[in-house]
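Numbering (the UniProt record's numbering), first residue to last: 1 to 212. Every residue, glycine too, gets a C-beta built ideally from N, C-alpha and C.
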């Protein structure tokens, strides 16, 4: 859970646990002159948010984590497989014109190029297609394998990769999308994509407590 705004009672509970922890829920309730039942929702919130940890027959203790620290811990647990999108692929023999049409119709910024066996062989970006469009070339007669970025110069990721590491790839390589691949005997099969839009959705989800 991302950073939450604590009420005064929850802040008071944290102060008590910091000073006296580990401490049982009953003892916290006694110090606040409240019943254990009244206190239970606050303790549940503080525990789920990561401020407190509870141990059976021991009680509650303060984790020492700030809101930023808990957010960092949460980000380290997020994996590509939970946020990847459906990839848009084209065959290596299609024309640059057809690739431009596909990019427009699918409303994406990156196309992944595959061979006859559906194995990743290249990547096409908006810049690649724009560059090919400059001049008097006949786009319908130029195959995309002439202008694409080829293996092994393609940045890839797997389903199990950490989302922060993939975000670093996007920034470092200055690219809009990364293919999610599965390794096979023939090569790399494209199973998904991670884009800057995915990253923005993750950021908004964390800010609005939608990603727990």
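Residue from the options with nearest C-alpha to residue i
{"i": "residue 159", "options": "199, 100, 82 and 109", "result": "82"}
{"i": "residue 167", "options": "182, 184 and 194", "result": "194"}
{"i": "residue 182", "options": "120, 13 and 32", "result": "120"}
{"i": "residue 109", "options": "201, 129 and 116", "result": "129"}
{"i": "residue 125", "options": "187, 103 and 163", "result": "103"}
{"i": "residue 189", "options": "13, 118, 28 and 37", "result": "118"}
{"i": "residue 62", "options": "14, 28, 27 and 6", "result": "14"}
{"i": "residue 176", "options": "191, 127, 205 and 30", "result": "127"}
{"i": "residue 186", "options": "112, 147, 162 and 116", "result": "116"}
{"i": "residue 196", "options": "54, 84 and 60", "result": "84"}
{"i": "residue 51", "options": "6, 88 and 39", "result": "6"}
Three-way DSSP call (helix, strand, coil) for residue i in this model
{"i": "residue 53", "result": "strand"}
{"i": "residue 138", "result": "coil"}
{"i": "residue 2", "result": "The predicted model places residue 2 with a pLDDT of 41, which falls under 50 and marks its position as unreliable; any figure quoted below should be read in that light. Residue state, collapsed to three classes: coil."}
{"i": "residue 112", "result": "strand"}
{"i": "residue 20", "result": "helix"}
{"i": "residue 153", "result": "coil"}
{"i": "residue 119", "result": "strand"}
{"i": "residue 33", "result": "coil"}
{"i": "residue 8", "result": "helix"}
{"i": "residue 15", "result": "helix"}
Delimiting residues of the alpha helix (DSSP H) encompassing residue i
{"i": "residue 133", "result": "126–133"}
{"i": "residue 90", "result": "Where residue 90 is concerned, there is no enclosing alpha helix (DSSP H), although the beta strand (DSSP E) it sits in stretches over 89–91."}
{"i": "residue 103", "result": "96–106"}
{"i": "residue 214", "result": "Nothing can be reported for residue 214: it is not among the residues displayed for the chain, which extend from 1 to 212."}
First through last residue of the beta strand (DSSP E) which encompasses residue i
{"i": "residue 61", "result": "59–62"}
{"i": "residue 180", "result": "177–183"}
{"i": "residue 193", "result": "188–195"}
C-beta atoms of residue i and residue j nearer than 9 Å
{"i": "residue 58", "j": "residue 90", "result": "no"}
{"i": "residue 155", "j": "residue 169", "result": "yes"}
{"i": "residue 25", "j": "residue 9", "result": "no"}
{"i": "residue 93", "j": "residue 143", "result": "yes"}
{"i": "residue 21", "j": "residue 60", "result": "yes"}
{"i": "residue 171", "j": "residue 157", "result": "no"}
{"i": "residue 164", "j": "residue 76", "result": "yes"}
Residue i beta carbon near the ligand FMN (any heavy atom closer than 8 Å)
{"i": "residue 154", "result": "For the structure depicted, the ligand FMN is absent and the ligand set is empty, with no information on it obtainable."}
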